[in-house]
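Numbered per the numbering used here, the sequence shown spans residues 1 to 553. Where a beta carbon is used, it is the ideal one built from N, C-alpha and C, also for glycine. Every value quoted in this text rests on a predicted model; they were computed, and no experiment measured them. Report on one structure; see the data block that follows.
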Amino acid sequence: MKPKYARALRGRLEGRDKTRLEALANERLDAFVADAVQLCGPAVVRILTDSEADRRYIRRQAIENGEEAPLATPGHTVHFDGYQDQGRDKEVTRYLLPKGVNLGANLNTMSRERGLAEVRGFLEGAMRGRVMYVAPFCLGPTNSPFSLSCVQITDSAYVVHSEHLLYRPGYAQFERAGGGDFFRFLHSAGRLEDHVSAEPDKKRIYIDIDEDMVYSVNTQYGGNSMGLKKLALRLAIRKADREGWLAEHMFVMGVHGPRRRVTYFAGAFPSACGKTSTAMLPGETIVGDDIAYLRAIDGQARCANVEAGIFGIIQDVKAADDPVICKVLTSPGEVIFSNVLVKDGRPYWLGMGRELPTEGVNFSGPWHIGKIDKQGSEIPPVHKNARYTIDLRSLGNVDARFDDPQGVPVGGIIYGGRDSDTWVPVQESFDWPHGILTMGAALESETTFATLGQAGVRAFCLMSNLDFLAIPIGKYISNNLNFAGGLKTVPRVFAVNYFQRARDGKWLTGMRDKAVWIKWMERRVHDDVEAIRGPTGWLPLLGDLEALFRKVL
Ligand code: OXD
Ligand code: MN
Numbered sequence: 001m002k003p004k005y006a007r008a009l010r011g012r013l014e015g016r017d018k019t020r021l022e023a024l025a026n027e028r029l030d031a032f033v034a035d036a037v038q039l040c041g042p043a044v045v046r047i048l049t050d051s052e053a054d055r056r057y058i059r060r061q062a063i064e065n066g067e068e069a070p071l072a073t074p075g076h077t078v079h080f081d082g083y084q085d086q087g088r089d090k091e092v093t094r095y096l097l098p099k100g101v102n103l104g105a106n107l108n109t110m111s112r113e114r115g116l117a118e119v120r121g122f123l124e125g126a127m128r129g130r131v132m133y134v135a136p137f138c139l140g141p142t143n144s145p146f147s148l149s150c151v152q153i154t155d156s157a158y159v160v161h162s163e164h165l166l167y168r169p170g171y172a173q174f175e176r177a178g179g180g181d182f183f184r185f186l187h188s189a190g191r192l193e194d195h196v197s198a199e200p201d202k203k204r205i206y207i208d209i210d211e212d213m214v215y216s217v218n219t220q221y222g223g224n225s226m227g228l229k230k231l232a233l234r235l236a237i238r239k240a241d242r243e244g245w246l247a248e249h250m251f252v253m254g255v256h257g258p259r260r261r262v263t264y265f266a267g268a269f270p271s272a273c274g275k276t277s278t279a280m281l282p283g284e285t286i287v288g289d290d291i292a293y294l295r296a297i298d299g300q301a302r303c304a305n306v307e308a309g310i311f312g313i314i315q316d317v318k319a320a321d322d323p324v325i326c327k328v329l330t331s332p333g334e335v336i337f338s339n340v341l342v343k344d345g346r347p348y349w350l351g352m353g354r355e356l357p358t359e360g361v362n363f364s365g366p367w368h369i370g371k372i373d374k375q376g377s378e379i380p381p382v383h384k385n386a387r388y389t390i391d392l393r394s395l396g397n398v399d400a401r402f403d404d405p406q407g408v409p410v411g412g413i414i415y416g417g418r419d420s421d422t423w424v425p426v427q428e429s430f431d432w433p434h435g436i437l438t439m440g441a442a443l444e445s446e447t448t449f450a451t452l453g454q455a456g457v458r459a460f461c462l463m464s465n466l467d468f469l470a471i472p473i474g475k476y477i478s479n480n481l482n483f484a485g486g487l488k489t490v491p492r493v494f495a496v497n498y499f500q501r502a503r504d505g506k507w508l509t510g511m512r513d514k515a516v517w518i519k520w521m522e523r524r525v526h527d528d529v530e531a532i533r534g535p536t537g538w539l540p541l542l543g544d545l546e547a548l549f550r551k552v553l
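Next comes the structure, spelled out in structure tokens:
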């Protein structure tokens, strides 16, 4: 380690932790840790490896420092975020632009110089008296063309615990390969009151595109604090643009067709619009529910789940519709519940199919029905964006190839939105450009509770990836169009809409109908069924749907 970094770390990084950092012999990493220590002023630095002992240490820390509390079921814990911190905060999430760079009017940007001064100002001394965790991770499967190294630095054991469940370990990858040009995330929950970030007006999530680095401060909500989730997606979109692949807000699933055939689909729907419930359809297998990288490998479109777990919305999860998830949420094993209601050590959430208790503990502390907040509004028992965090491997329906270093071949791409009156329930595009432009790029969807702000407003939502886009929109669309150029077989492109309503407001399709749409798409990929040429795409024949409804439902 260079003497200047060793000097900066003296007294805070010692013994085993020092040896662990030195063993990686990575000057860029040393510089990152030294800068974070000088800026945030922690009492001590812990360098985490991939070992089970370190995972256990983090779980204990999250409980000991009060960020999580154990629940009655062994392995289950609950975490609460502050009242104004329970969704992605788009307003304060900005790209820091170096002079002369323009990402277009749709992206939230500011000058790099001003942004760095502001966010680094909020981080100054933020970890005084606390432990700083340095955790290396890998996005995508390890030892794979998809692998991307990352380092999360944070003072939150909850953040690292969540990332242990959601991502692959990265210390060994740094040892082996030096980490390559890794992404860096620096987070502090900031000043805490009752274990939640106490200064929401100083919440900032700033993305330094020049340095592949993200700063996040005065927030705990996973979507704002976990670097590896949507913050890494932003950096990955830029890296993919430079290198000729795609980083998408997509689930990946294996659809099981006739004669034991498995066809893989990747699907982009906005947050809270059915990605997880589609990937979890009974009889099919899940590769991932949120973020995928797509690459052309030997002329074939292949994709991999960037993650290894689910940070899922818990509202409406119930045994009748989601038996596999419910089993994990009610059995011993590692689960973090966030922003649910707790009574007698049991978690409760909206739409769980049971009446909620009239008192308990929630994000506001001890809660009872009718409890009023400082502004005089009634505090709901549970936030709509309450979540569960689990390891994908705890699910009974995980796809056999979920960790395949080569990813899985992509048979079809699906775009879907929350759209009450325009798109049909399912259709196929005429070809790749038609699908990319009219189904992906033209996607509109109603806003949901997954982000702060008003829900139910129909908005342009390009490829369900607009929230995370970090390059100009036109460039991103061109990259998607051009992706097919490197392929021998081009995936089919489909569009679905689960949210059509009649004039009286009633849903026009049922919750389970998507099980039929997906089987129809699987048949189309192999030309097993014909379709009608409609004005906006190929539509299913009634007879094929009737047969599938009988068989599937
Ligand atoms: C998510 C989101 O958490 O998109 O996946 O908000
Ligand atoms: Mn998402």
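If one requires a minimum length of 4 residues, the alpha helix (DSSP H) runs lying completely within the stretch 302–351 are 323–330, in chain order.
Ala-36 sits buried, since 16 or more C-beta atoms from the chains shown fall within 10 Å of its C-beta. Taking non-hydrogen atoms of ligand 1 into account, the C-beta of Ser-271 is found less than 7 Å away from one of them.
By the 16-neighbour rule on beta-carbons within 10 angstroms, Arg-7 is exposed. DSSP places Tyr-158 within a helical segment (H, G or I) once states are collapsed to three. Rounded to the nearest whole angstrom, the CA to CA distance from Glu-91 to Asn-108 is 8 Å. Remark: three or more beta-carbon pairs, one from each stretch, lie closer than 8 Å, so the stretch 352–368 and the stretch 307–327 are flagged as touching. Excluding its 5 nearest sequence neighbours in each direction, Pro-42 has C-beta neighbours in its own chain below 6 Å: Met-127, Arg-130 and Met-132, listed in chain order. Below 8 Å, too few C-beta pairs join the stretch 464–476 and the stretch 378–394 to call them touching: fewer than three. Taking C-beta separations shorter than 6 Å and ignoring five residues to either side along the sequence, the partners of Gly-486 in its chain run Ala-296, following chain order.
Closest in alpha carbon position to Asn-339, among Tyr-83, Thr-263 and Ala-292, is Tyr-83. Rounded to the nearest angstrom, the gap between the Cα atoms of Phe-449 and Ala-292 is 23 Å. At a Cβ-Cβ threshold of 8 Å, Glu-428 and Arg-492 count as neighbours. With fewer than 16 other Cβ atoms from the protein chains shown falling within 10 Å of its own Cβ, Trp-507 counts as exposed. Secondary structure at Pro-472: coil, using DSSP grouped into helix, strand and coil. Pairing Met-439 with Asp-321 gives a Cβ-Cβ distance that is not under 8 Å.
DSSP places Thr-276 in the uninterrupted alpha helix (DSSP H) bounded by 275–279. Fully contained in the stretch 39–108 are the following beta strand (DSSP E) runs of length 3 or more, in chain order: 44–47, 76–79 and 93–97.
Ranking His-256, Ala-232, Ile-207 and Leu-329 by CA distance to the CA of Leu-71 puts Leu-329 first.
Here the distance from the Cβ of Ala-441 to the nearest heavy atom of ligand 1 is not below 7 Å.
Between Ala-515 and Arg-524, the C-beta gap is not smaller than 8 Å, which leaves the two residues out of contact. Under a 10 Å Cβ-count criterion, Val-101 is classified as exposed, with fewer than 16 other Cβ atoms of the shown protein chains found around its own Cβ. Distance from the CA of Phe-311 to the CA of Glu-118, rounded to the nearest whole angstrom, comes to 30 Å. Here the distance from the Cβ of Asp-290 to the nearest heavy atom of ligand 2 is below 7 Å.
In this structure, the alpha-carbon of Pro-136 lies about 44 Å from that of Gly-370.
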